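Asks: Top to bottom, those sequences are chains W and Y. Position 52, counted from 1, in the first sequence is what our numbering calls 52; the numbers after and before it change by one each time, with no gaps. Position 44, counted from 1, in the second sequence is what our numbering calls 44; the numbers after and before it change by one each time, with no gaps.
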Amino acid sequence: GNSVTQMEGPVTLSEEAFLTINCTYTATGYPSLFWYVQYPGEGLQLLLKATKADDKGSNKGFEATYRKETTSFHLEKGSVQVSDSAVYFCALSRIIQGAQKLVFGQGTRLTINP
Amino acid sequence: DVKVTQSSRYLVKRTGEKVFLECVQDMDHENMFWYRQDPGLGLRLIYFSYDVKMKEKGDIPEGYSVSREKKERFSLILESASTNQTSMYLCASSLRGSGRAVNTQYFGPGTRLTVL
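(1) Compute the Euclidean distance between the alpha carbons of residue 85 of chain W and residue 110 of chain W, then round it to the nearest angstrom.
(2) Looking at chain W, is there any beta carbon in it that lies within less than 7 Å of the beta carbon of residue 84 of chain Y?
(3) Under the rule that 16 or more other beta-carbon atoms within 10 Å means buried, what is residue 115 of chain Y, buried or exposed?
(4) From residue 75 of chain Y to residue 93 of chain Y, what distance separates their C-alpha atoms?
(5) What's the C-alpha gap between residue 108 of chain Y and residue 3 of chain Y?
(6) Less than 7 Å between the C-beta atoms of residue 40 of chain Y and residue 106 of chain W, yes or no?
(7) Residue 42 of chain W versus chain Y: which residues are under 7 Å apart at the beta carbon?
(8) Please list the partners that residue 105 of chain W has in chain Y, where partner means a Cβ-to-Cβ separation under 8 Å.
(9) Between residue 92 of chain W and residue 29 of chain Y, what straight-line distance do the alpha-carbon atoms span, to the nearest angstrom?
(10) Please list, in chain order, all residues of the same chain as residue 30 of chain W whose beta carbon is under 8 Å from its beta carbon, the five residues on each side excluded.
(11) Give the interface partners of residue 102 of chain W over in chain Y, defined as CB-CB distance under 9 Å, in chain order.
(12) Would a check of beta-carbon distances place residue 46 of chain W closer than 7 Å to chain Y?
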């Protein structure tokens, strides 16, 4: 079946530290991969995505590369800010009836201290 | 901007009550989704709809039903609420895809439901 496994949280870092949140997946075929972010009190927002192997998604200084050989889509940022504190979800998509159904990881809570 | 709104941010109900959660989107999206979010479990799909009056079960449909009478509105119904349905409920919408087209899902702010 399809599943996503994320690095256990919570993760606490100091401002300007380097961030990695690991994500691996199990899927039939070649899914698209996503990172969503949920800021306190808000719904999820798409952070970045990649649709095929070796694609790199990037946004707001975050990056993730679709690695088919290791079935991974790790999220990285070179220098985090306090405003990056949020919950991050890795997800893959499967297409059913023309609708893109998302399968989410468990989420990783990130706290950045000044 | 795409906007997905949910009728309540917080809701408290009693066991056995019938509960309606409403979701409205303003971007003419064909697809709409209901998820529940629980700590350590991420988001799990309850139901989705790819057209008016059409619905498909997600991964955890038991204890829930849905209604989509108009394109912009998707309702989640708890026929008889139970304490294990205490959770955060998130609605999302997206354009209908074709082939491998990737259509972003846009989420509402969520409804935190407590069943006593």
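Beta carbons: idealized from backbone N, C-alpha and C, even for Gly. Everything numeric in this text was worked out from a predicted model, so none of it was measured.
Replies: Judging by the given coordinates:
(1) 5 Å
(2) no
(3) buried
(4) 13 Å
(5) 7 Å
(6) yes
(7) 109
(8) 42
(9) 20 Å
(10) 52, 53 and 68
(11) 33, 35, 43, 45, 92 and 105
(12) yes
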